[in-house]
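A.B. asks: Residue numbers (our numbering): 660 to 1216.
Each residue gets a CB set at the ideal place from its N, CA and C atoms; glycine is no exception.
This is the structure I have questions about; it appears just below.
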């Protein structure tokens, strides 16, 4: 058989083998690996790489850049991203293929690998999605045009298979994104339903706690300090205040937990929360907080609660001690990022522990209310944290693997405002005098509030709803002995509540001094009470000191 025939058979054999290696997988890297390793082996090549335009691999339109998504061997790689103005791409802008050998003009311009000082490159355009680059270090001359033309036909088929891989990856991404959105929607609906229930329970429970706490405090005032009964009552009071903390967590988790925002340095909250949680712990905190950290508009109490919950989780994950690393960063979220956040500037707070990690099967449920794998705890910590962060237009995410610890990430929108001024601390004022009207639909709350006010020197009258309160206020004005202040419950089922009643009362008497009170301690009206005409606010359950201080402040100012 002639040498020419042998060459034809060899070329056909190579092309046939290369054809069989195309499209062996829908995975982009596997497809490239099989085809390019076959090509290198059959053609005696030294190196091969596949570059793809960013609009195909990253979904960025008109990015003007390309990324190397596959190379073999990896050790030869120097550049992984290039602008489309680079000679590597302009060389085949109007051609199907081109080859340059060492010493030729333009050879050094297309080098993107390490240690190239001889040989020849071949570059192939791949149907507008990218370029394929091959290199043979043993050649002293460029690849022949005939050889390039033979390979170009195979390259067009390879490009089609790559398009299939890219389309498959896009479909997989879209399915994953759709699934993530569905899971987020389901989680949001679940949280909303449970939030309504939790808010209602917390409101009613706060009314009960108001009566219990008030009675306990009145008895404490009448007991001699140092006695056994006094000590037990103080313990009971502490338990009631802990219960109040739990109801506030429930309210924060519920729909009514609107944040009262002010511009804050998150770094200070991080340090304070960590110090609070780790006091007496075997774990220690490590901080990475840059000096140029952006500010954020947050409810300090709520975000402190988020941070404390995350710190407690990290501490409990390391019973033998360890390091909790807390890092604050300025980040910018771009459009199309795999996060349920609007594009813009954010602060990311990460809390990393060195614990045993979270089993994969538990990760989808860790933000569910009452889900816990611990012997102690309510299972509300992470659910509450998730709810708070969401209400701040942020996001709470987690990464964890068994044996590798856990990392929680809090994303909060950045603010360009200056830091808000802090509030002054009030002291409990002395006993008061005057007549107070208490409006509340709960008889036990009315009774204990009345007892408290009488104990500290006030006269008291009662109303069950807004209509009765307005009627009593009119009578008091006509008698020439108006009320010195009115305490109004915000929510009256089946009757006129505080929001409507204060409006009508101010129409009747613009100088009326009205305090709003509610078991919904996180209600937006409670947060912005002055906007609705109230002069003060007391959240249930309140202590004698808090109620007395608020009344004296409202009456005297």
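Nearest to residue 790 by CA position, among 1202, 1062, 773 and 745, is which residue?
C.D. replies: Here residue 790 refers to the residue found at position 131 of the chain shown. Nearest of 1202, 1062, 773 and 745 to residue 790, Cα basis: 745.
A.B. asks: Taking the C-alpha atoms as reference points, what is the distance between residue 1207 and residue 1117?
C.D. replies: On the chain shown, position 548 is the one that residue 1207 refers to. On the chain shown, position 458 is the one that residue 1117 refers to. Each residue's alpha carbon lies about 10 Å from the other.
A.B. asks: Hey, out of 872, 1164, 1165 and 1075, whose CA is closest to residue 951's CA?
C.D. replies: Sequence index remark: in the chain shown, residue 951 carries index 292 (1-based). Closest option to residue 951, Cα to Cα, is 1075.
A.B. asks: For residue 737 versus residue 771, is the C-beta spacing smaller than 8 Å?
C.D. replies: As a working note, residue 737 is residue 78 in the chain shown. As a working note, residue 771 is residue 112 in the chain shown. Yes; because the gap between Cβ atoms is below 8 Å, this pair is in contact.
A.B. asks: Could you work out which residue in 1148, 1130 and 1151 is closest to residue 1142 when comparing CA atoms only?
C.D. replies: Within the chain shown, the letter at position 483 stands for residue 1142. Selected option, being the one with the closest Cα: 1130.
A.B. asks: If you scan the stretch 1157-1198 from start to end, which runs of the beta strand (DSSP E) of 3 or more residues do you find wholly inside it?
C.D. replies: Correct list: 1173-1177 and 1195-1198.
A.B. asks: Let me make sure I understand the geometry here. Which of 975, 788, 841 and 802 has the alpha-carbon closest to that of residue 823?
C.D. replies: Mapped onto the chain shown, residue 823 falls at position 164. Of 975, 788, 841 and 802, the residue nearest in Cα terms is 788.
A.B. asks: Under the three-state reduction of DSSP, which class applies to residue 1066: helix, strand or coil?
C.D. replies: On the chain shown, position 407 is the one that residue 1066 refers to. Here residue 1066 sits in strand by DSSP.
A.B. asks: Compute the Euclidean distance between the alpha carbons of residue 1016 and residue 1062, then round it to the nearest angstrom.
C.D. replies: Numbered from 1 along the chain shown, position 357 holds the residue referred to as residue 1016. Numbered from 1 along the chain shown, position 403 holds the residue referred to as residue 1062. Roughly 5 Å between the two C-alpha positions.
A.B. asks: In whole angstroms, what is the alpha-carbon distance linking residue 778 and residue 764?
C.D. replies: In the chain shown, the residue the question calls residue 778 occupies position 119. In the chain shown, the residue the question calls residue 764 occupies position 105. Their Cα atoms are separated by approximately 14 Å.
A.B. asks: How would you write the range of the alpha helix (DSSP H) that residue 931 sits in, first residue to last?
C.D. replies: Within the chain shown, the letter at position 272 stands for residue 931. First-last of the alpha helix (DSSP H) with residue 931: 925-937.
A.B. asks: Quick check on the burial criterion: 16 or more other C-beta atoms within 10 angstroms. Buried or exposed for residue 1083?
C.D. replies: Within the chain shown, numbered from 1, the residue matching residue 1083 stands at position 424. Legend: pLDDT at residue 1083 = 35, less than 50; position of this residue unreliable, value from coordinates given subsequently. That one is exposed.
A.B. asks: If you run the structure through DSSP and keep just helix, strand and coil, what is residue 974?
C.D. replies: Position 315 of the chain shown holds residue 974. Correct three-state label for residue 974: helix.
A.B. asks: Does the beta-carbon of residue 805 have 16 or more other beta-carbons within 10 angstroms, so that it is buried, or is it exposed?
C.D. replies: Position 146 of the chain shown, counting from 1, holds the residue named residue 805. Burial call: exposed.
A.B. asks: So, does the CB of residue 1074 fall closer than 8 Å to a CB anywhere in chain C?
C.D. replies: Given the protein chain composition of this structure (a single chain), no chain C is represented.
A.B. asks: Determine the DSSP secondary structure at residue 1059, reduced to helix, strand or coil.
C.D. replies: Counting from one through the chain shown, the residue named residue 1059 turns up at place 400. Of the three classes helix, strand and coil, the one that applies to residue 1059 here is strand, per DSSP.
A.B. asks: On the CB-based measure, 16 or more other CB atoms within 10 Å of its CB, does residue 1203 come out buried or exposed?
C.D. replies: Taking the first residue of the chain shown as position 1, residue 1203 is located at position 544. Looking at its Cβ environment, which holds 16 or more other Cβ atoms inside 10 Å, residue 1203 is buried.
A.B. asks: Does DSSP put residue 1049 in a helix, in a strand, or in coil?
C.D. replies: Residue numbering aside, residue 1049 sits at position 390 when the chain shown is read from its first letter. Helix, per DSSP.
A.B. asks: When you compare only the Cα positions, how much space is there between residue 978 and residue 941?
C.D. replies: Here residue 978 refers to the residue found at position 319 when the chain shown is read from its first residue. Here residue 941 refers to the residue found at position 282 when the chain shown is read from its first residue. Going from the Cα of residue 978 to the Cα of residue 941 covers about 8 Å.
A.B. asks: Express the C-alpha separation of residue 1189 and residue 1108 in angstroms, rounding to a whole number.
C.D. replies: As a position in the chain shown, residue 1108 is number 449, starting the count at 1. As a position in the chain shown, residue 1189 is number 530, starting the count at 1. Distance between the alpha carbons of residue 1108 and residue 1189 is about 23 Å.
A.B. asks: Within 10 Å of its beta-carbon, does residue 776 have 16 or more other beta-carbons around it, so buried, or fewer, so exposed?
C.D. replies: Here the question's residue 776 lines up with position 117 in the chain shown. Looking at its Cβ environment, which holds fewer than 16 other Cβ atoms inside 10 Å, residue 776 is exposed.
A.B. asks: Who are residue 1095's beta bridge partners in DSSP?
C.D. replies: Along the chain shown, read from residue 1 onward, the residue named residue 1095 stands at position 436. Looking at the DSSP assignment, residue 1095 forms a beta bridge with 1119 and 1144.
A.B. asks: How far does the alpha helix (DSSP H) with residue 1211 in it extend, from its first residue to its last?
C.D. replies: For the purposes of this step, residue 1211 is taken as residue 552 along the chain shown, with counting starting at 1. That run of the alpha helix (DSSP H) goes 1203-1215.
A.B. asks: How many whole angstroms separate the CB atoms of residue 631 and residue 807, which I take to be in contact at a CB cut-off of 8 Å?
C.D. replies: Missing from the structure shown is residue 631; the chain here goes from 660 to 1216 and no further.
A.B. asks: Do the stretch 827-847 and the stretch 1159-1174 touch if we need at least three Cβ pairs shorter than 8 Å?
C.D. replies: Output reads no: the stretch 1159-1174 does not touch the stretch 827-847.
A.B. asks: Of the residues 953, 1002, 826 and 1173, which one's Cα is nearest the Cα of residue 1217?
C.D. replies: The structure shown does not extend to residue 1217, since the chain is modelled only from 660 to 1216, so the question has no answer here.
A.B. asks: What does DSSP give as the partner residues of residue 791 in its beta bridges?
C.D. replies: Locating residue 791 in the chain shown gives position 132, counting from the first residue. According to DSSP, which records beta bridges pairwise, residue 791 is partnered with 709 and 783.
A.B. asks: In this structure, does DSSP put residue 863 in helix, strand or coil?
C.D. replies: Counting from 1 along the chain shown, the entry for residue 863 is found at position 204. The answer is helix: DSSP assigns residue 863 an H, G or I state.
A.B. asks: Measure the alpha-carbon distance for residue 1112 versus residue 1026 and round it to whole angstroms.
C.D. replies: To locate residue 1112, count along the chain shown from 1; it is residue 453. To locate residue 1026, count along the chain shown from 1; it is residue 367. Roughly 43 Å separates the two Cα atoms.
A.B. asks: Return yes when the Cβ of residue 955 is within less than 8 Å of the Cβ of residue 1055, no when it is not.
C.D. replies: The residue labelled residue 1055 in the question sits at position 396 within the chain shown. The residue labelled residue 955 in the question sits at position 296 within the chain shown. Cβ atoms of residue 1055 and residue 955: not closer than 8 Å.
A.B. asks: Which residue's Cα is closest to the Cα of residue 1040: 966, 1185 and 1000?
C.D. replies: Start at 1 with the first residue of the chain shown, and residue 1040 comes out as number 381. That would be 966, whose Cα lies nearest to the Cα of residue 1040.
A.B. asks: Taking the Cβ atom as the reference point for each residue, do residue 844 and residue 792 lie within a distance shorter than 8 Å?
C.D. replies: Here residue 844 corresponds to residue number 185 of the chain shown, with the count starting at 1. Here residue 792 corresponds to residue number 133 of the chain shown, with the count starting at 1. Not closer than 8 Å, so no.
A.B. asks: Is it buried or exposed for residue 1002, if we count other Cβ within 10 angstroms and need 16 for buried?
C.D. replies: By 1-based counting over the chain shown, the position of residue 1002 is 343. Exposed, since its Cβ has fewer than 16 Cβ neighbours within 10 Å.
A.B. asks: With a 10 Å radius around its C-beta and 16 neighbouring C-beta atoms as the bar for buried, classify residue 725 as buried or exposed.
C.D. replies: Position 66 of the chain shown, counted from the start, is the residue given in the question as residue 725. Buried, since its Cβ has 16 or more Cβ neighbours within 10 Å.
A.B. asks: Using 8 Å as the threshold, is the C-beta distance between residue 1051 and residue 929 below it?
C.D. replies: Residue numbering aside, residue 1051 sits at position 392 when the chain shown is read from its first letter. Residue numbering aside, residue 929 sits at position 270 when the chain shown is read from its first letter. Their beta carbons are not under 8 Å apart, which means residue 1051 does not touch residue 929 by this criterion.
A.B. asks: Checking the sheet assignment: what are the DSSP bridge partners for residue 1074?
C.D. replies: Stepping through the chain shown from its first residue, residue 1074 is reached at position 415. According to DSSP, which records beta bridges pairwise, residue 1074 is partnered with 954.
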